[in-house]
Amino acid sequence: MILVVASGNGEAGMVPAMEILRHGGSALDAVEAGIRVIESDPAESSVGLGGLPNVVGEVELDASIMDGRTLAAGSVGALAGFEHPISIARRVMELSPHAFLVGDGAARFAAETGFSPCMLLTARSRRVWQQGLPESLSAQGRRGLRRRGELLPMVRQAVERISQHGTVDFIARDANGNLACGVSTSGWPWKYPGRLGDSPVIGAGNYVDNRYGAAACTGYGELVIRCSTAHSVVLYMRMGKSIRAACRSAIHDLAPLLATHGGAVNIVAVDRENRPFGVTSSAKGGYYWVVSEGSATPEKRALEVVVP
Ligand code: ASP
Numbered sequence: 006m007i008l009v010v011a012s013g014n015g016e017a018g019m020v021p022a023m024e025i026l027r028h029g030g031s032a033l034d035a036v037e038a039g040i041r042v043i044e045s046d047p048a049e050s051s052v053g054l055g056g057l058p059n060v061v062g063e064v065e066l067d068a069s070i071m072d073g074r075t076l077a078a079g080s081v082g083a084l085a086g087f088e089h090p091i092s093i094a095r096r097v098m099e100l101s102p103h104a105f106l107v108g109d110g111a112a113r114f115a116a117e118t119g120f121s122p123c124m125l126l127t128a129r130s131r132r133v134w135q136q137g138l139p140e141s142l143s144a145q146g147r148r149g150l151r152r153r154g155e156l157l158p159m160v161r162q163a164v165e166r167i168s169q170h171g172t173v174d175f176i177a178r179d180a181n182g183n184l185a186c187g188v189s190t191s192g193w194p195w196k197y198p199g200r201l202g203d204s205p206v207i208g209a210g211n212y213v214d215n216r217y218g219a220a221a222c223t224g225y226g227e228l229v230i231r232c233s234t235a236h237s238v239v240l241y242m243r244m245g246k247s248i249r250a251a252c253r254s255a256i257h258d259l260a261p262l263l264a265t266h267g268g269a270v271n272i273v274a275v276d277r278e279n280r281p282f283g284v285t286s287s288a289k290g291g292y293y294w295v296v297s298e299g300s301a302t303p304e305k306r307a308l309e310v311v312v313p
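Encoded structure:
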């Protein structure tokens, strides 16, 4: 049965993704199409166009896509100047002999494979970035900051105040029973240039295997990388745990890191029986989206709160 599951900020991409599946398209096509909608939305400040920039005012994007049928995967990280990192990640998977390209190399690959560059920093995201910098530094402007030798103290100071970051996750199953999973983000605002989050790291923010299921994360990427959270969820399902138990176990694995560093992690997942599930370590809760063959509109579901 066809199915699309997305993180809380994915609503606008649900119907386009589902339409693709209804017309016999692949899970990969559906995931890519759903995420592209969110990447193009300038009001979404944690993904694609309008995403908040790093500490020197440059928007650097991370994305990955994975095919549950073959375990093929493609990722781009710290990619500047292109609106649709999810599509570039897919090209990495399909056209290159590699799985992961970052920075200038990823931008070069994007241009070489036909993507047009674009300006990702909007007036709004520039304003938010400037407001988050210490006053003495925001006066230096982007060029001045880029030339500065020392960025670390600024990054430490700025990221302490972060309240806004996010990622869009999409999981789809097509009429042939194949699963795909994709994630896309601008990462932490005011991050150190070149910082990669969990989203482009296969096994951390994204993992799918047709035989067992799929999982994707949002939240504190540095912690998700250290626990290989998405892979853990799929591995727990492979070991026979229910999807709920698998997601809960993955959050419990993160417990010591969450206790030390704070922050939160959310997971959306689908099992081999096509059951969706979502979980969060945040007491504030949250939600995700599900649409399946029988439903006319996407359904908003609460993430189960597991405070480890
Ligand atoms: N996981 C993303 C990152 O660490 C941010 C988020 O989803 O909130 O870059």
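Sequence positions in the sequence shown follow this note's numbering and run 6 to 313. In this text, a Cβ means the ideal position worked out from N, Cα and C, and glycines have one as well.
Straight across, the Cα-Cα distance linking Thr265 with Glu298 is about 42 Å. Checking the 7 Å criterion, the Cβ of Ser286 is out of range of every heavy atom belonging to ligand 1.
Between ligand 1 and the CB of Thr190, the shortest heavy atom gap is smaller than 7 Å. Taking C-beta atoms under 8 Å as the contact rule, Gly218 and Ala235 fail to qualify, at a distance of about 10 Å. Under the DSSP assignment, Thr190 falls in the beta strand (DSSP E) whose first and last residues are Leu184 to Thr190. Proximity to Glu117 across Ile93, Pro139, Phe105 and Val133 peaks at Ile93, based on C-alpha coordinates. Annotated three-state conformation of Ser92 is helix, per DSSP. In the structure shown, the three-state DSSP call for Trp294 is strand. Proximity of the beta carbon of Gly171 to ligand 1 is indicated: a heavy atom of the ligand is located closer than 7 Å. Per the C-alpha coordinates, the member of Ser233, Gly291 and Ala85 positioned closest to Pro58 is Ala85. Between Ser69 and Ala83, the beta carbon gap of about 13 Å keeps them out of contact (Cβ cut-off 8 Å). Restricting attention to Trp195, Ser237 and Arg147, the CA atom closest to the CA of Met159 is found in Trp195. Relative to ligand 1, Gly202 has its C-beta within less than 7 Å of a heavy atom. Relative to Leu201, the option among Tyr225, Met23 and Asp67 whose CA is nearest is Asp67. A straight-line Cα-Cα distance of about 27 Å links Cys186 and Ile167.
The three-state secondary structure of Leu84, taken from DSSP, is strand.
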